[in-house]
Structures are given as C-alpha cells and as structure tokens.
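Before any comments, here is the structure.
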Amino acid sequence: DTRLLFSSVSRRASAIMRKTYSFTFYFLYFAALACLAPFVVLFYQQLGFNGAQIGLLAGMAPLITLVSAPLWTGAADATRRHRLLMSLAIAGAVLVALIFPGLRTLGPVVVLLALFSFFTAPISSFADSATMNMLAGQKDQYGRVRIGGTFGWGIFALVAGIAIQAYGLKLAFWGYAALMFLALLVC
666 DTRLLFSSVS RRASAIMRKT YSFTFYFLYF AALACLAPFV VLFYQQLGFN GAQIGLLAGM
726 APLITLVSAP LWTGAADATR RHRLLMSLAI AGAVLVALIF PGLRTLGPVV VLLALFSFFT
786 APISSFADSA TMNMLAGQKD QYGRVRIGGT FGWGIFALVA GIAIQAYGLK LAFWGYAALM
846 FLALLVC
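Mapping to our numbering: the sequence shown position 149 is 814, numbers consecutive.
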C-alpha cells in the first residue's frame, strides 16, 4: 500500500513539475516577445531607415520563418534531438539579439534579421510539441499551461514599455535576450 501511495504521489508531483516548467517557459518566452516585438519598427526608424526599408525588414521575418521552421522541426524529427535543437535555436536568438543594438546600417541589419528570424522560427513549435508531449494523457490541460504566455506578455508589455521609454530602444533587445536566456535554462 505504501509503495502504491508513493508511486501515485510521485506521478502527481512529476505532472505538476512538467506543467510548471511549460508554464514558466511560455511566461518567459512571451515576456521576451513583449519586450521586443512592439519596438522593432521604432528601432528601425531610430536608425533612420525609410518606409520602404522598414517594410522590407518587416516582411522578411515571416518569409524566412516560412522556410526555416520546417527545416528546424524536420531536423529535430529526423534526429530525435528536439531539446538540443530548441536550445540551439534559443541560444542563437539570444546571441543575435545582443548584437542587434550595435548595428547602424541596412546591410548588417538585413543579415542579422535573417539570422534572428532563422533562429526564432521553430521555438514556438518546439515549445508546443514539448508541452503536448509532457502533458501525455492530460492534453486537455494545454490551455492552463499556455496561459503562462498570456501572463508573460501582459505583465512585460507594460514593464518593457515603461523601461524602454526611460532608457531607450536598445533595452528592448537586452530585455529579450535576458528573458530568452532564462527560457533557455527552463527548456
């Protein structure tokens, strides 16, 4: 009886921890996005880019994501190294985000944006897949775990807006990098 009870308690604790990890990852991931996404176009404007250049940059990311996300996820499926590839994608995004604020001209911004889009493309897919895998027989709990992202965005959109207004647009990239580094530790 004691073994059965211990086994049951252990399974519940394990399930709670898996949900907590996923909730925390989504919180950090969307908090990072809230720090950066609303401010990228303002950063391009601050660099002095015109409307056509900003439009080019804004249109690049979805096109690169369209191609690179299936490459990343296909490689993960083929090698069964999902966690490693997710970690590499996040680490790449963090490194690129740290370099971005030092750029001044269009050419390097295009190259770094392409790299950033390449690295960030699969992160959400990897997170969703890992979460569904961790939930196993409790897939109906996905919404409760994923709401961590809603809290992350909601809280950090306000915090980031106030901080970036006070300290400048470079903070958007540094905040993104810091939060994504924490997300890397969680994943």
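The beta carbon of each residue, even a glycine, is placed where N, CA and C say it ideally should be. Nothing here was measured: the structure is a model prediction, and the numbers come from that model.
Does the distance between the C-beta of residue i and the nearest non-hydrogen atom of the ligand SAH fall short of 6 Å?
| i | result |
| --- | --- |
| phenylalanine 695 | The ligand SAH is not part of this structure, which contains no ligands at all. |
Considering only residues of the same chain and omitting the five flanking positions on each side of residue i, which have a CB-CB separation below 6 Å?
| i | result |
| --- | --- |
| alanine 837 | Cys700, Leu701, Phe704, Ile829 |
| tryptophan 818 | Phe695, Ala699 |
| alanine 822 | Ala699 |
| threonine 689 | Val851 |
For residue i, report the span of its alpha helix (DSSP H) as first-last.
| i | result |
| --- | --- |
| aspartate 805 | Counting along the chain, aspartate 805 falls outside any alpha helix (DSSP H), and DSSP gives it neither H nor E. |
| alanine 758 | 747-764 |
| alanine 842 | 835-851 |
| threonine 785 | 771-785 |
| phenylalanine 708 | 705-711 |
Return helix, strand or coil for residue i, following the three-state DSSP convention.
| i | result |
| --- | --- |
| leucine 721 | helix |
| leucine 728 | helix |
| leucine 736 | helix |
| threonine 714 | Residue identity check: residue 714 is phenylalanine in the sequence provided, not threonine. Note: phenylalanine 714 maps to coil in three-state DSSP. |
| glycine 698 | Inspection of the sequence shows that residue 698 is occupied by leucine rather than by glycine. Three-state DSSP puts leucine 698 in a helix. |
| leucine 823 | helix |
| leucine 768 | coil |
Leaving out five residues before and five after residue i in sequence, what residues of the same chain have Cβ atoms less than 8 Å from its Cβ?
| i | result |
| --- | --- |
| methionine 725 | Val775, Leu778, Ala779, Ser782 |
| leucine 849 | Ser752, Ile755, Ala756, Val759 |
| alanine 792 | Ser687, Phe690, Tyr691, Tyr694, Met751, Cys852 |
| methionine 797 | Lys804, Tyr807 |
Who are the near neighbours of residue i in its chain, counting only those whose CB is closer than 7 Å to its CB and skipping five residues on each side?
| i | result |
| --- | --- |
| phenylalanine 784 | Ala754, Gly757, Ala758, Val761 |
| tyrosine 686 | Val851 |
| valine 706 | Ile719, Ala723 |
Legend entry - Cβ pair count under 8 Å reaching 3, the segment 744-758 against the segment 704-724: Result no; under three Cβ-Cβ pairs closer than 8 Å.
Legend entry - Inter-stretch contact at 8 Å, needing at least 3 Cβ pairs: the segment 797-809 / the segment 765-781: When C-beta atoms of the segment 797-809 are compared with those of the segment 765-781, fewer than three pairs fall below 8 Å, so the two segments do not count as touching.
Legend entry - Segment contact flag, the segment 812-827 with the segment 741-748, C-beta cutoff 8 Å, min 3 pairs: The segment 812-827, when compared against the segment 741-748, does not touch it at the 8 Å Cβ threshold.
Legend entry - Three CB pairs or more closer than 8 Å across the segment 783-797 and the segment 733-745: With a cut-off of 8 Å, the segment 733-745 and the segment 783-797 count as touching, because enough Cβ pairs lie within range.
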